[in-house]
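Protein chains in written order, with our numbering: chain A, 1 to 261; chain B, 262 to 567.
We put the CB at the ideal spot given by N, CA and C, even for glycine.
Inspection log for the structure reproduced underneath, given as structure tokens.
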Amino acid sequence: MKTTFKTLIIAAAVLVLASFSPIREASAELTAKANHDHITIDSFYHGSEVSVRGICDPDVELVVKITSPEAHQSLKEKGKVGGFLWMNVGTLEIKNTPNLYMLRDTKDVSKLMASEELDKYIIGYPALSRHAELAPVADAATKDKWFGEFIKFKEHSKLFESTDGGFTFGDSGGKHTYYMKFAWPYQAPPGGYLVTVYAIKNGKVMEQATSKVLVEQVGVVKYLANMAKNNGALYGMFSILAALGAGFGVGLVFKKGGGAH
Amino acid sequence: MYLYLPVALTSVNILLPVGLGLGVGLLSGLFGVGGGFLMTPLLIMLGIPSTVAAATDSNQIVAASTSGTYAHWKLGNVDFKMGLYLLVGGFTGGIVGVQLMKFLKAMGNADFVIKMTYILMLGIVGVYMLIESIHSMKKKEAAVSAKPAGKSKFGAFLESLPMQTRFEKSGVTHSLILPIFFGWFVGVLAAIMGVGGGFLMVPVMVYILRMPMHVVVGTSLFQILFTCIEVTFLQSYTNHTVDFTLAVLLLVGSTLGAQVGAVFGRKLKADQLKILLAIIVLVVTTKIIFDVTLEPSMLLGLGGGH
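Okay, here's the thing in structure tokens:
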């Protein structure tokens, strides 16, 4: 009797917990596969493309988000000095924000979801703003102003984007498929990136699926980047000698060409 | 065709840095300036981070000034003795300037000092060179003797200084204190402004040391070569900000440009050269004045550089 009662309490607890679970099971599975998930940076690299495809329920809205790990970033603030001169007046420290944040949704989900739900999954710039820590900022209005400037700077650097549309839907083997692609910016530094696809229904995230994109330097690019970082003295001497050699070389070529002097 | 830059972490169309190098190298060969005050802002406009732009520019100036010094040495335009004394002063001035910048950064007003130094120095040098050159050209047109009438008080003071030495190549006699002091002064300013200081050194050699213009150009390039070797090494060793790939693209253009500039410079008269340099310096000054007085499109930016 005692055992049965204990089992009932555990089952009830599981049910209660399940009802509060952030992600509820949908009727169809959501999958995400990033094609071109290993981007190699060689000498002729000028950006790439990352496409995301998978299966989803036909009656959900989708959000695809690509982010780099959250980091601490420092940027120079420009302000007026003496009433008319624009120059660097301080440093803005930004915490809890990724260096890269790309978001694409089938429909403007910020109008379909409550801000609490958007904040929970950090979907959209307003949610990212509430998640980020900025210093020094005196009040909420100042934070909003500088976060707006941060977004402007990041979008200008091609590292942030947030747009609607661009999805293609189809059917494959009786399943509803989706496909979309991002132009991958060459400004995105090497590292690991997380692709997350959210299925939204009735203002809630019903499912999420993830995939990864790895951006890696290879060949001469990797060799030079490593040398510059880990062996600065040798790299410096190599750079100087190469420059001296090039300078003398061109001087000699001009001499051979004759008539120049 | 695009090339990826491993340290700048960006990709550029190779024609842009090669073309930039060619243009700035031409100025280098013509006027004896490294061109840092032009090249660094232009590289930033191409999307190169400012710290990488400044450090890589030093690397490419090593190539351009080697090419230019070599060309001018063959033409007999390098006063090695004067160059060495200027270097001694410039080197110690650079150390003082770097310490001064550290102090100003700690005080929080480094950017203001940098911008003001740029505007004042470029403005004064540009206006003075322009007026002096036009005046000198008019004098010659009027067939008035080019010889200065009598000695100024400043000239007499310079002659009264101890350790007077003859600089054969330049055909002038000065106290050793003079090139060391002015080398030091330019070194301090160059460290504050983050440039080689050629555009400051050239007027010092022309107007204070009274060296002939063609020797000024060769000697300035010789001095810049050593300054930029030092800066390239220090930037690579301490900040890891030299992008060798970018430097190669720039130096392909700048070494060729420096040779063409050296040849072309011989065909221009000294006053014409000075007027051209003055105009370029004044255009850059005007651009900086606009930059600091007009509201920027973005209120946040990467640190470093100027």
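(request) Determine, using beta carbons only, whether S436 of chain B comes closer than 8 Å to chain A. (result) Closer than 8 Å to the CB of S436 of chain B there is not a single CB belonging to chain A.
(message) Within 8 Å of any Cβ in chain A, is that where the Cβ of T301 of chain B sits?
(response) Interface criterion not met: the Cβ of T301 of chain B is under 8 Å from no Cβ in chain A.
(message) Which residue wins for smallest C-alpha separation from P464 of chain B, given the options B:T480, B:I453, B:A452, B:L283?
(response) Ranking the options by Cα distance to P464 of chain B, first place goes to B:T480.
(message) Excluding the 5 residues flanking L348 of chain B on each side, which residues of the same chain have their C-beta closer than 7 Å to its C-beta?
(response) Answer for L348 of chain B: G444, Q484, F487, listed in chain order.
(request) Tell me whether M227 of chain A is buried or exposed, calling it buried when 16 or more other Cβ atoms sit within 10 Å of its Cβ. (result) Its Cβ being crowded by 16 or more others within 10 Å, M227 of chain A is buried.
(message) Less than 8 Å between the beta carbons of L128 of chain A and P267 of chain B, yes or no?
(response) Going by C-beta atoms, L128 of chain A is not nearer than 8 Å to P267 of chain B.
(request) Count the other C-beta atoms from every protein chain shown that fall within 10 angstroms of the C-beta of L512 of chain B, then say buried if there are 16 or more, exposed otherwise. (result) L512 of chain B comes out buried.
(message) If we define contact as Cβ-Cβ less than 8 Å, is A127 of chain A a contact residue for chain B?
(response) Answer no: the Cβ-Cβ gap between A127 of chain A and chain B never drops below 8 Å.
(message) So, at 8 Å on beta carbons, what are the nonlocal neighbours of K78 of chain A in its own chain, with the 5 sequence-adjacent residues on each side left out?
(response) Take K78 of chain A, set aside five residues on each side of it, and the residues of its chain with a beta-carbon closer than 8 Å to its own are W86, M87, N88, V89, in chain order.
(request) Report the residues of the region 485 to 506 of chain B with a CB closer than 9 Å to any CB of chain A, ordered along the chain. (result) If the cut-off is 9 Å between Cβ atoms, the region 485 to 506 of chain B has L486, C489, I490, T493, F494, L495, Q496, S497, Y498, T499, N500, H501, T502, V503, D504, F505, T506 near chain A.
(message) I need the boundaries of the beta strand (DSSP E) containing S43 of chain A, first residue and last residue.
(response) Counting along the chain, S43 of chain A falls outside any beta strand (DSSP E), and DSSP gives it neither H nor E.
(request) With DSSP as the reference, please indicate the residues paired to Y223 of chain A in a beta bridge. (result) Looking at the DSSP assignment, Y223 of chain A forms no beta bridge with any residue, so it has no partner.
(message) Distance cutoff 8 Å, beta carbons only. Does V250 of chain A sit that close to anything in chain B?
(response) Chain B, which has a Cβ nearer than 8 Å to the Cβ of V250 of chain A, makes this yes.
(request) Just grab the DSSP bridge partners of P98 of chain A for me. (result) Partner residues in the beta bridge of P98 of chain A, as assigned by DSSP, are A:E70.
(request) Have a look at B:G280, B:V433, B:S515, B:M306 and flag the residue whose alpha-carbon is nearest the alpha-carbon of D552 of chain B. (result) Of the candidates B:G280, B:V433, B:S515, B:M306, the one whose C-alpha sits nearest the C-alpha of D552 of chain B is B:M306.
(message) Tell me which residues share the same chain as D171 of chain A and place their Cβ nearer than 8 Å to its Cβ, disregarding the 5 neighbours each side in the sequence.
(response) Correct list, in chain order: T177.
(request) Name the one or two DSSP bridge partners that K204 of chain A has. (result) In the DSSP output, where bridge partners are listed per residue, K204 of chain A has A:K201.
(request) List the residues of chain B that N96 of chain A touches, going by C-beta distances under 7 Å, in chain order. (result) Near N96 of chain A there are no residues of chain B at all, since even the closest Cβ is about 17 Å away, more than 7 Å.
(message) Let me confirm a value: H38 of chain A is counted as buried when at least 16 other C-beta atoms fall within 10 Å, else exposed. Which label applies?
(response) So H38 of chain A counts as exposed.
(request) Spell out the partners DSSP gives A34 of chain A in its beta bridges. (result) A:V52, per the DSSP bridge assignment.
(message) Taking beta-carbon pairs under 7 Å, can you tell me which members of the region 340 to 356 of chain B lie near chain A?
(response) Here the close residues number zero.
(request) Verify the CB distance criterion: does F147 of chain A have a CB-CB separation below 8 Å to chain B? (result) Judged by the 8 Å Cβ criterion, F147 of chain A is not in contact with chain B.
(message) Any beta carbon of chain B sitting closer than 8 Å to that of I41 of chain A?
(response) So, interface residue.
(request) Using the DSSP secondary-structure output, state which residues sit across from R527 of chain B in a beta bridge. (result) Partner(s): none; R527 of chain B has no beta bridge.
(message) Let me check you understand the geometry: is the CB of F364 of chain B closer than 7 Å to at least one non-hydrogen atom of the ligand GTP?
(response) This structure lacks the ligand GTP; in fact it carries no ligand of any kind.
(message) From the DSSP secondary-structure annotation, give me the bridge partner or partners of V513 of chain B.
(response) For V513 of chain B, no pairing in a beta bridge is given by DSSP.
(request) With 8 Å as the C-beta to C-beta threshold (strictly closer), list the residues of the region 67 to 90 of chain A near chain B in chain order. (result) Residues of the region 67 to 90 of chain A whose Cβ lies closer than 8 Å to any Cβ of chain B, in chain order: S74, L75, K76, E77, K78, G79, V81, F84, L85, W86, M87, N88, V89, G90.
(request) Starting from the beta carbon of S272 of chain B, find every residue of chain A whose beta carbon is closer than 8 Å, and list them in chain order. (result) Neighbours of S272 of chain B in chain A, taken as residues whose beta carbon is under 8 Å from its own, are Y45, H46, G47, Y186 in chain order.
(request) Report the residue ranges of all beta strand (DSSP E) runs contained in full by the region 417 to 461 of chain B; include only those spanning at least 3 residues, in chain order. (result) Those beta strand (DSSP E) runs which fall completely within the region 417 to 461 of chain B and span 3+ residues are 425 to 428, 433 to 436.
(message) List, in chain order, every chain B residue whose beta-carbon is nearer than 9 Å to that of F150 of chain A.
(response) Residues of chain B with a Cβ closer than 9 Å to the Cβ of F150 of chain A are, in chain order, L561.
(request) Sort out for me which residues DSSP pairs E117 of chain A with in a bridge. (result) Bridge partners of E117 of chain A: none, in fact.
(request) Starting from I123 of chain A, find everything on chain B with Cβ-Cβ shorter than 8 Å and list it in chain order. (result) The premise fails here: I123 of chain A is roughly 24 Å from chain B at the closest Cβ pair, so nothing lies under 8 Å.
(request) Rank A:V81, A:G124, A:Q208, A:M102 by C-alpha distance to the C-alpha of L555 of chain B and give the top, closest one. (result) If we check each option's Cα against that of L555 of chain B, A:V81 comes out closest.
(message) Suppose contacts are defined by Cβ-Cβ distances below 8 Å. Is A135 of chain A in contact with E93 of chain A by that definition?
(response) A Cβ-Cβ contact shorter than 8 Å links A135 of chain A with E93 of chain A.
(request) Alpha carbon to alpha carbon, how far is M368 of chain B from T502 of chain B? Give it in angstroms, no decimals. (result) Going by C-alpha positions, T502 of chain B is about 25 Å away from M368 of chain B.
(message) If you follow the alpha helix (DSSP H) that A140 of chain A is in, where does it begin and where does it stop?
(response) If you look at A140 of chain A, you'll find it in the alpha helix (DSSP H) that goes 140 to 156.
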